[in-house]
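Position 130 (the sequence shown) corresponds to 130 in full-length UniProt numbering; numbering is contiguous. Think of the CB as a built atom: it goes at the ideal place given N, C-alpha and C, for glycine as much as any other residue. Quick caveat: nothing in here was measured; it's all calculated off a predicted structure. Worksheet: the structure to be examined is printed underneath.
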Amino acid sequence: MSSILKALKKLEEEKNRRQQGKVDIATDILRATGRSGKRNWLMPLILIVLVLGGTLGGMFVARMFLPEAMRQPVQTPPVQTPPVQTPPVQTQPAQSQPAQSQPAQSQPADRFEHPRLVVSGIAYQSNAENRMAVVNDLPVLAGTTVAGVEVVEILPDKVVFRFKGKQFSVPLSDLP
């Protein structure tokens, strides 16, 4: 490798001897310029001055185009509401009439309120751990809690839930 470099160097020297009066551009480009570090600070200074000038000029122009109403803060008078006059309450003597009892409409004991659940999809597998259902647009497995209700079991056509210690089932909905 070094012999190749030596041969190239020797060829370059011979070439230079033959072309004494000609300029070698390659060496002129690579030669260090006589510029010193005196002007290294000038370019950043010019850049900073231009940025500051542009910012201040932009703010000045923006203020010229703002409407007068936006330049000065608006002082609003305090809102005063008139006092509310309440009419005097008049009481009438109570008339005693026998109260008619209406039959109380009670719900059956086996009916209880639970959050609304919609089962929109069931992926049933023979292995219970791999079963999944979509309840209220959320994918769930057995043991998952949705809207405060625990998923107990996922069956092919319905999902069994537990809410406040009571179990109930929700069938697969026919929604598209």
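For this session: Output the distance between the C-alpha atoms of V160 and S126, rounded to the nearest integer angstrom.
Result: What you label residue 160 is simply residue 160 of the sequence shown in a count that begins at 1. What you label residue 126 is simply residue 126 of the sequence shown in a count that begins at 1. Answer to the nearest angstrom: the Cα atoms are 17 Å apart.
For this session: Please classify T81: does DSSP put it in a helix, a strand, or coil?
Result: As a working note, residue 81 is residue 81 in the sequence shown. DSSP, read as helix, strand or coil, puts T81 in coil.
Problem set entry | Spatial neighbours of L172 in its chain, beta-carbon cut-off 7 Å, leaving aside the 5 residues before and after | Start at 1 with the first residue of the sequence shown, and residue 172 comes out as number 172. Beyond the five residues adjoining it in sequence on each side, L172 comes within less than 7 Å, by CB distance, of V119, I122, D157 and K158 in the same chain, given in chain order.
Exercise. Would you call R131 buried or exposed, if buried means 16 or more other Cβ atoms sit within 10 Å of its Cβ?
Worked result: Mapped onto the sequence shown, residue 131 falls at position 131. Within a 10 Å sphere around the beta-carbon of R131 sit 16 or more other beta-carbons, which makes this residue buried.
Exercise. Going by beta carbon distance, what residues of the same chain come within less than 6 Å of E13, once the five residues before and after it are set aside?
Worked result: Numbered from 1 along the sequence shown, position 13 holds the residue referred to as residue 13. Closer than 6 Å at the Cβ level, and outside the excluded window around E13, lies no residue.
Problem set entry | DSSP state of I63 mapped onto helix, strand, coil | Taking the first residue of the sequence shown as position 1, residue 63 is located at position 63. Residue identity differs from the one stated: residue 63 is Arg in this sequence, not Ile. Here R63 sits in helix by DSSP.
For this session: Can you have a look at residue 189 and say buried or exposed, based on whether 16 or more other CB atoms are within 10 angstroms of its CB?
Result: This structure cannot settle anything about residue 189, because the visible part of the chain is limited to 1 through 176.
For this session: Under 8 Å Cβ to Cβ from L8, same chain only, skipping five residues before and after it: list those, please.
Result: For this step, residue 8 is matched to residue 8 along the sequence shown. By the criterion of a C-beta distance shorter than 8 Å, L8 is surrounded by no residue of its chain, once the five residues flanking it on both sides are discounted.
For this session: Compare the Cα-Cα distances from A128 to each of F163, P44, G165 and V152 and report the closest residue.
Result: Numbered from 1 along the sequence shown, position 128 holds the residue referred to as residue 128. The shortest Cα separation from A128 among F163, P44, G165 and V152 belongs to V152.
Exercise. Within 10 angstroms of its Cβ, does I154 collect 16 or more other Cβ (buried), or is it exposed?
Worked result: Sequence index remark: in the sequence shown, residue 154 carries index 154 (1-based). Looking at its Cβ environment, which holds 16 or more other Cβ atoms inside 10 Å, I154 is buried.
Exercise. Is the CB-CB distance between V140 and A133 below 8 Å?
Worked result: In the sequence shown, counting from the first residue as 1, residue 140 sits at position 140. In the sequence shown, counting from the first residue as 1, residue 133 sits at position 133. Note that the C-beta distance between V140 and A133 is below 8 Å.
Problem set entry | Residues near R162 in its chain [Cβ-Cβ closer than 6 Å; skip 5 each side] | Here residue 162 corresponds to residue number 162 of the sequence shown, with the count starting at 1. Hits under 6 Å: E150 and V152.
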